[in-house]
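Everything in the sequence shown is counted per the working numbering, starting at 41 for the first residue and increasing by one.
Where is the CB? At the ideal position from N, CA and C, for every residue including glycine.
Keep in mind it's a predicted model, so treat the numbers as computed, not measured.
Everything on this sheet refers to the single structure shown next.
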Amino acid sequence: EVSYDGRKILFAMRCSAQSAPQCYNYQGLGNDFSWNIWELDIQARTMRKAIADPAIAARGDDVDPAYLPDGRIVFSSSRQSTRIQDPAGGTPGAVGYRYTDEYEREPVTVLHVMNNDGSNVTQISFNQSHDRNPVVLSTGEIMYSRWDHVGGRNQFSIFKINPDGSDFFVLYGAHSPGNSYLHPREMPDGRVISTLMPLSGT
41 EVSYDGRKIL
51 FAMRCSAQSA
61 PQCYNYQGLG
71 NDFSWNIWEL
81 DIQARTMRKA
91 IADPAIAARG
101 DDVDPAYLPD
111 GRIVFSSSRQ
121 STRIQDPAGG
131 TPGAVGYRYT
141 DEYEREPVTV
151 LHVMNNDGSN
161 VTQISFNQSH
171 DRNPVVLSTG
181 EIMYSRWDHV
191 GGRNQFSIFK
201 INPDGSDFFV
211 LYGAHSPGNS
221 YLHPREMPDG
231 RVISTLMPLS
241 GT
């Protein structure tokens with residue numbers, strides 16, 4: 041995702057064992073096997089991890105970043121930062137527990153927001169399956185693809201939510217032809233464009 045002034049780019053990257061030590065121990069931050077949010081400053085020709093602390097960064101896989109109008113970042117993550125409380129009475133997310141999807145195959149990714157410097161990571165969506173592909177609408181709301189798997193329904197519909205987690209609501213796809221609406225985008229005239237595909241067997 042490109043910043044509003046066009047000077048920076050947000051992306052997700054996971055360093056491989058083959059990239060060590062150039063990427064693995066980037067700027068002495070320690071080894072991290074998880075997906076992380078990175079920011080590229082085009083003009084300065086510098087790159088940085090949004091969450092620099094390797095212990096905090098490794099609590100989950102962080103993907104699908106986008107800039108919010110106030111400079112914060114929305115992203116999808118398996119860290120579930122506000123869902124779990126440390127049994128010893130510590131802060132939420134301290135244990136690093138990640139719940140799995142209803143098939144118990146993989147950790148669930150849900151929406152989070154954080155400051156541009158990686159501080160104040162806050163979970164804003166909750167789902168038994170995945171919340172992916174967040175983008176910011178002209179209204180300031182976050183539009184995203186939500187894996188909606190309840191009873192006989194098993195599909196990705198397009199939802200919207202405020203950056204503070206309020207006013208969560210379906211936008212399109214819950215009762216529409218087609219199965220999985222992914223990577224939604226707002227067009228200049230306010231309409232929404234999205235890929236439409238089967239949930240499996242593509």
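- For tyrosine 212 against phenylalanine 196, the beta-carbon gap comes to about 11 Å, at or over 8 Å, which does not count as contact.
- With fewer than 16 neighbouring CB atoms inside 10 Å of its own CB, isoleucine 82 falls in the exposed class.
- Within the segment 140 to 206, the runs of beta strand (DSSP E) at least 3 residues long that lie entirely inside it are, in chain order, 150 to 154, 171 to 176, 182 to 190 and 193 to 201.
- Bridge partners of phenylalanine 115 according to DSSP: His152.
- Around isoleucine 233, the same chain offers Arg225 and Met227 as residues with beta carbons nearer than 6 Å, after the five sequence neighbours per side are excluded.
- Annotation: glycine 158 to alanine 97 spans about 9 Å, alpha carbon to alpha carbon.
- Between the alpha carbons of aspartate 101 and asparagine 155 lies a gap of roughly 17 Å.
- If you look at proline 105, you'll find it in the beta strand (DSSP E) that goes 102 to 107.
- Between methionine 237 and lysine 48, the alpha-carbon positions lie close to 31 Å from each other.
- It is roughly 13 Å from the alpha-carbon of tyrosine 44 to the alpha-carbon of valine 175.
- For alanine 95, the enclosing alpha helix (DSSP H) has its first and last residue at 94 to 97.
- Pairing arginine 186 with phenylalanine 166 gives a Cβ-Cβ distance that is not under 7 Å.
- Nearest to alanine 214 by C-alpha distance, out of Phe208, Pro203, Asp204 and Arg193, is Arg193.
- A Cβ-Cβ contact shorter than 7 Å links threonine 149 with serine 118.
- As the crow flies, the alpha-carbon of valine 103 is around 23 Å from that of aspartate 207.
- Here methionine 53 carries a strand assignment [DSSP, helix/strand/coil].
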